[in-house]
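Some notes on the structure that comes next.
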Amino acid sequence: MPAQGPHVSRYRSALDQAQQNKHSIVIEGECDFGVLTAEISIVDFAFVPHRGGPRYYARSPFSVSLANQNHNRLLVCNGKGGQFPSLILKVHFRQRFLGTYQDRLEVTFEDQTLNRRLVIARVLNAVVGDTQDHEQFGARSVYRPRRRVPRQPETNVVPRPRMPMHDEAVKRYSIPLPFAPIPRYLENILSGGSNDEVVRRMKGRFECFSQPPSLPSYTEYFRLLLWSEEHKMRCTSLAVPGLAEKRPRFLVGDIILVQKVGALPGDWFSGRVNVVRKEDVGLSFHPSFSRRTQGQQYNARFKLNRLPLRRQHQAFDMTFDDDRILFPTNEHAPKDISGGNSRLRFKNALICQNERQLLSVTSIVHLSEGSLPLIVFGPPGTGKTAIIVEAMVQILSGPTEKTRVLACAPSNSAADLIAMRLKEALPPRVSIFRYYAASRNRDSVPKELQDCTCMENGQFSCPPPSVLAAIGVRRGHYTHIFVDEVGQATESEVMVPICTMAHVDTNVVLAGNPKQLGPVIRSSVAQQLGFEQSMIERLMKLRVYQLPDGLGRPIVKLTKNFRSHNSILKYPTERFYGNELLPCAERLKIDRYLNWPHLPNREFPIIFHAVSGQDAREASSPSFFTVHEMSQVKRYVQSLLAKPNKDGDFRTGGFMIQIPRLDMYTQFNFAAEGKDIGVITPYLVQCVKIHTALRYIGANDVKVGTVEEFQGQERPVIIISTVRSSREFIRYDLKYTLGFVANPRRFNVSIARAQALLITVDDPHVLQLDALWRKFLSYVHNNNGWTGAAIPWDLTEPVDETRAYDKDIVEAAGTEMEHLMRQLEEISIITKVVDETEEDDDAAAGANVDLL
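In terms of full-length UniProt numbering, the sequence shown opens at residue 1 and continues consecutively.
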């Protein structure tokens, strides 16, 4: 809900009063231009009398003129009942950029007898956009929050059938999996009061939260965080729409409870998901469920899959107190991690040309048994995945056959990437096994890896790596454990392979970037208590990882970026990486869009397209979207996909763009393929609308998704749409709607995906509230990469990252409120005096009303 307060209500009341006709002065008509495609439109106002010019904001797209320029600037009417001339005031609107535009026209009248002024205001509205897009993708219904239904008990549940795939495929566990329910006392603490109150109670009850985690408190600390997270996950409702976008994410084996509408409270059927299709899921129920009638409605309840949580609890049940992995000190640091001058035959020859990458591989390969975790800190585009793959290849290709590697990643896509690269590089004598859960859809597995798996009855039969200990694989079986993208996982998730598989001699390698996306935490309580901090982030704060270079420092920081153009790389390397990143990408790849006709600066491959938008919601969906940004994104995609004609001209969206002939098209191939473009936006509905709009123009291969979906990926072109444009309640926007924007990690990941061209389509009035974005937009503007609506702040004023810019906006809005309300107070005085005058039949004269 938007922020409310007495000052807001008072301002709205003042605005309503300002728009009322007063003292026989009538302004007829409204000024709403609707959706425009032309640059200039005119709407006429008729009123008696008029002022010569409006008061409007600087850079306003609205202007005002008289229909008859022969009228005097000053009109005077003496006496009550005098004739007021009727005049036409023309309001002109000029704006060529997409967006929603609003201003206020204030017509001021002066009573010379009383020496007072009165104001009649009119709100000016105009929308520049694609009429068809607004009709097709605009909100179809008014947003109404979903009504919460009282939660019913589960007293009489008809059991679900067993899954056929598990009859033969499921292994008999040698170590029972703990159920690990949330304790009753903790349930009571987590269920009452605000998040801040719960955090205070947790800190008061449990000593492990009074200081940073240590070896004695480690297990209790993470158990409590896991239960806090589960409590929030269990209480979060799921909505079925959005299945194609994996929200909610259904997996084979998930449990669903259904209840006939009108059934006795507590009566449910338990079902199981057998197959997941694009728009629906296949379920299996008890045979008695088949006795249903056509058109019968059901209530549905999705049960939380606790299996991953139970595996994490099992990891903490293991006897694992190896401080050299959990809490290493300087005593654990090796004297040298360079690996000496031993010669290795590299599969990836490019690594030999990069000093830091070479150091990383040799350091991993020559780790002595039982070393503390070695961290490969890889900023975007520095090749950390290539490094750990090469290190695994060198380890497994060595003379000893005792080496075994367990490679883990927090997502299937990341694990598949490692497996495919290993398969290409390893000699035939080394076997690769890619573990998949039984719930994994075979069609989603890369064809290159299907011969590296085990199938039974059409399903993957082997358990994922997290259950290796449970099926009897001994601890220490693996000599090396690699975890890629470790910054995306919670520490409890990372502990599943380490606590269950690591031995005193096992070496652990962690690769990631704590400056990018961290784990997704649903519980604000768990987040405030430290669950959001990844293992790599925690370890890098320890003294042993802060040793000077050359003194056994167990961390290698990669500094050469092989992904992005220098202009795209410049700001994040200054802001996040201490100016250490060096642009080393191939010029042919990163210079591809220099001189692109749509670049405001042909030598600067970044565009900030300022859109004065209006976000919206529809029906009961809380997800935001904006048609303006969707339309502008579509236009850019059309331009990028456009092919030149035989004359070397580009036709995009009905516009012809001519560029110098020469051989520019052969030298700079502007035309992109759909797979070269990625669109990042934070809200599901905006993702759906953009994807649908692009499908209509044949751009099916353009990937549209959230920041999380693009982690670890890259595209020649990245287009960002942040969606939110609410400026009415600034503090609310900063606290709630800028979760995507006012987050340094998400910002870093978003802009770091682009190789050759970065386009952001956003509302600068909202982005300016965050100092990080304000500084970035100033950087773009100073390099002439800005287009669209004008920049709304003073560029000569340095950006202060400690300043609360939302307060400045609120104060400016407050000043505007006070100005309007002072005018209205004057109006009320005039009204009172004039009314008293009109009641006196013997009054010699009325008020003199002059035009200013």
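Even for Gly, the Cβ is constructed at its ideal location relative to N, Cα and C.
Residues that DSSP places opposite residue i in a beta bridge
{"i": "S284", "result": "R272"}
{"i": "S721", "result": "V761"}
Candidates the options, of which the one nearest residue i by Cα
{"i": "T319", "options": "E673, V376, R205 and L215", "result": "L215"}
{"i": "A671", "options": "G705, P497, H480 and L594", "result": "L594"}
{"i": "F457", "options": "W773, L225, K447 and S439", "result": "The question names Phe, but residue 457 is Asn in the sequence shown. Of the candidates W773, L225, K447 and S439, the one whose C-alpha sits nearest the C-alpha of N457 is S439."}
{"i": "V430", "options": "Q394, K303, K557 and V361", "result": "Q394"}
{"i": "T802", "options": "E709, D321, N21 and L769", "result": "L769"}
{"i": "Q546", "options": "L374, L449 and K560", "result": "L374"}
{"i": "H92", "options": "G99, L98 and D103", "result": "D103"}
{"i": "A425", "options": "A180, V389 and T400", "result": "V389"}
{"i": "Y683", "options": "V702, I677, V707 and I697", "result": "V707"}
{"i": "E532", "options": "R543, L542, Q516 and V544", "result": "Q516"}
{"i": "Y101", "options": "V128, V26, F269 and V496", "result": "V128"}
{"i": "A391", "options": "F482, A699 and V445", "result": "F482"}
{"i": "L344", "options": "A386, G398, K634 and Q294", "result": "G398"}
{"i": "residue 936", "options": "A804, D317 and N330", "result": "What is shown of the chain runs 1 to 852, which leaves residue 936 out entirely."}
{"i": "L795", "options": "T787, A789, A804 and N782", "result": "N782"}
{"i": "P159", "options": "V123, I182 and L257", "result": "L257"}
{"i": "G381", "options": "V704, V749 and D130", "result": "V749"}
{"i": "Y696", "options": "P410, S360, Q132 and K570", "result": "Q132"}
{"i": "F327", "options": "R200, K541, I387 and F179", "result": "K541"}
{"i": "V494", "options": "F179, N115, L309 and V633", "result": "L309"}
{"i": "G383", "options": "E369, T400 and L417", "result": "L417"}
Contact set for residue i: own chain, Cβ-Cβ below 6 Å, skip 5 residues either direction
{"i": "H134", "result": "V35 and V627"}
{"i": "M664", "result": "Note that M664 scores 37 on pLDDT, short of 50, meaning its location in the model is unreliable and no value can be drawn from it."}
{"i": "G512", "result": "E485, V486, G487 and I536"}
{"i": "I759", "result": "I607, Y636 and I719"}
{"i": "Q19", "result": "A121"}
{"i": "P213", "result": "Y221"}
{"i": "H332", "result": "R324 and L372"}
{"i": "L186", "result": "W227"}
{"i": "N412", "result": "none"}
{"i": "V704", "result": "V679, C687, I690 and H691"}
{"i": "P410", "result": "E485, Q488 and A489"}
CB of residue i within 7 Å of CB of residue j, strictly
{"i": "V611", "j": "V761", "result": "yes"}
{"i": "R272", "j": "S284", "result": "yes"}
{"i": "S567", "j": "I606", "result": "yes"}
{"i": "A489", "j": "L449", "result": "no"}
{"i": "T453", "j": "Y436", "result": "yes"}
{"i": "I677", "j": "V717", "result": "yes"}
{"i": "N507", "j": "S371", "result": "yes"}
{"i": "P792", "j": "P764", "result": "yes"}
{"i": "L118", "j": "L105", "result": "no"}
{"i": "A699", "j": "M630", "result": "no"}
{"i": "V544", "j": "N330", "result": "yes"}
{"i": "F776", "j": "Y577", "result": "no"}
{"i": "Q755", "j": "S492", "result": "no"}
{"i": "V496", "j": "A315", "result": "yes"}
{"i": "L539", "j": "F209", "result": "no"}
Cβ neighbours of residue i in the same chain (closer than 7 Å, five flanking residues each side left out)
{"i": "L358", "result": "I351 and C352"}
{"i": "G266", "result": "Q152, P153, E154, T155 and N156"}
{"i": "A414", "result": "D484, E485 and G712"}
{"i": "E229", "result": "I521, R522, S523, A526 and F531"}
{"i": "L396", "result": "T403, V405, L426 and V430"}
{"i": "G785", "result": "P600, N601, F604, I606, I607 and F608"}
{"i": "D16", "result": "none"}
{"i": "D321", "result": "L215"}
{"i": "E245", "result": "Residue placement at E245 is flagged as unreliable, the pLDDT there being 38, under the threshold of 50; a coordinate-derived value is accordingly withheld."}
{"i": "G138", "result": "V627"}
{"i": "V723", "result": "D615, F624, F625, T626, E629, T681, P682, Y683 and Q686"}
{"i": "I751", "result": "I568, P572 and L758"}
{"i": "L581", "result": "P379, T559, N561, L569 and T573"}
{"i": "N354", "result": "K560"}
8 Å CB neighbourhood of residue i in its chain, flanking five on each side removed
{"i": "N579", "result": "T573"}
{"i": "G518", "result": "G487, Q488, E532, Q533, S534, E537 and R745"}
| request: Run through the region 322-409 for me and flag every whole beta strand (DSSP E) of 3 or more residues, listed as ranges in chain order. | output: 374-377 and 405-408
| task | Could you tell me which uninterrupted alpha helix (DSSP H) segments, each at least 4 residues in length, are contained entirely in the region 490-574, listed from first to last along the chain? | result | 491-501, 524-528 and 535-540
| query | Where are the alpha helix (DSSP H) runs, 4 residues long or more, that stay fully inside the region 575-641, in chain order? | reply | 587-590 and 627-641
| query | What are the uninterrupted segments assigned as beta strand (DSSP E) that are 3 or more residues long and contained completely in the region 743-799, given in chain order? | reply | 754-762 and 786-788
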